[in-house]
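If you count the sequence shown from 1, position 255 lands on 255 in the UniProt record's numbering, and the numbers rise without skipping.
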Amino acid sequence: MLIYGKEVREATKEKVKRIAQNKPLSLAVVQVGDEAASGAYINGMKNFGQDIGIPVTVFNYPATISEAELIREIKKLNQSPQITGIMIQKPLPAHMRDDVVVNSLDYRKDVEGIHNFNLGKIINREAGVRPSTPKAVISMLKAHNVPLEGARVTILGRSSILGSPLALMLMAENATVTVCHTRTRNLIDEIRRADIVVAAMGQMNFVTADMVREDTVIIDAGINFDENGKMFGDVHAEAKQKAKMASAVPGGIGVITVAELFDNLTLLGE
Numbered sequence: 001m002l003i004y005g006k007e008v009r010e011a012t013k014e015k016v017k018r019i020a021q022n023k024p025l026s027l028a029v030v031q032v033g034d035e036a037a038s039g040a041y042i043n044g045m046k047n048f049g050q051d052i053g054i055p056v057t058v059f060n061y062p063a064t065i066s067e068a069e070l071i072r073e074i075k076k077l078n079q080s081p082q083i084t085g086i087m088i089q090k091p092l093p094a095h096m097r098d099d100v101v102v103n104s105l106d107y108r109k110d111v112e113g114i115h116n117f118n119l120g121k122i123i124n125r126e127a128g129v130r131p132s133t134p135k136a137v138i139s140m141l142k143a144h145n146v147p148l149e150g151a152r153v154t155i156l157g158r159s160s161i162l163g164s165p166l167a168l169m170l171m172a173e174n175a176t177v178t179v180c181h182t183r184t185r186n187l188i189d190e191i192r193r194a195d196i197v198v199a200a201m202g203q204m205n206f207v208t209a210d211m212v213r214e215d216t217v218i219i220d221a222g223i224n225f226d227e228n229g230k231m232f233g234d235v236h237a238e239a240k241q242k243a244k245m246a247s248a249v250p251g252g253i254g255v256i257t258v259a260e261l262f263d264n265l266t267l268l269g270e
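Next comes the structure, spelled out in structure tokens:
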């Protein structure tokens, strides 16, 4: 059974809209270059913000800007009282260090929850913003009444914005978590023994039907495009058909992620 994110998105949207009526909020998006997929995502944020009355301002810089120059621009945004949240759109150009740029943010305006200060709060299980895609994964699971406590979860991918923080967030829900990556031995065995599989490797159709059980719940957080520009996840359609439940791509986790980003915006400054 395919599951979709629209209902979760709309519920979060209404929540954020109510808060925005009583709390001045604004979002700045830092974009370097004009990569097409980034532009589509940014347009989604602008449309979402327009629907709920939150201004979204895009600060676009040429791909040739130096890391030092970009950091100076981010620090200006840090100091602007009109801006309550800042997002740095990735990917950044190859000559920039992602961690250095991200940590130049004021952590109190880090709407993605990926500054080291905010990631540290996840480890300590303190209240605060959480990375938006892991939040979307957990929201999707809870919305479809998938038990997390005691569940055996296998995460495919260990990135600092998805796999690694998601593992910590799921452990806080009392799940038993295995994080897999390119050096994992017997990867198929790890996938087969899981109650829940979260695919976030960035490899189109990597998970095939022979890898999953019929009672498995699959969350596909992959976004890949073929030569015709059609979007695919990390999980093959046949694997999703075999599983008990699987999130759609498109229309699944990606739909919720923008809503979770704006939910984070309401939490900043608290």
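Glycine is no exception: its CB is placed at the ideal position from the N, C-alpha and C atoms. These numbers come from a predicted model, not from an experiment.
Between the beta-carbon of Lys244 and that of Thr216 there is about 6 Å, and that keeps the pair under the 8 Å contact cut. Take Gln82, set aside five residues on each side of it, and the residues of its chain with a beta-carbon closer than 8 Å to its own are Ser26, in chain order. Taking 9 Å as the cut-off, the Cβ atoms of Ala246 and Ile219 count as close.
DSSP places Ser247 within a strand segment (E or B) once states are collapsed to three. Judged by DSSP in its simplified three-state form, Tyr4 adopts coil rather than helix or strand. Excluding sequence positions up to five before and after Lys46, its CB lies within less than 6 Å of the CB of Val56, all in the same chain and listed in chain order. Sorting Ile71, Leu70 and Lys109 by C-alpha distance to the C-alpha of Met87 places Lys109 at the top. According to the DSSP assignment, Met87 belongs to the beta strand (DSSP E) that extends over Gly85 to Ile88. Residue pairing of Tyr61 in beta bridges, as defined by DSSP: Val32. In the DSSP assignment, Thr154 falls within the unbroken beta strand (DSSP E) covering Arg152 to Leu156. Judged by DSSP secondary structure, Asp220 falls within the beta strand (DSSP E) whose first and last residues are Val217 to Asp220.
Comparing alpha carbon positions, the residue from Phe232, Gly5, Gln89 and Gly163 closest to Gly39 is Gln89.
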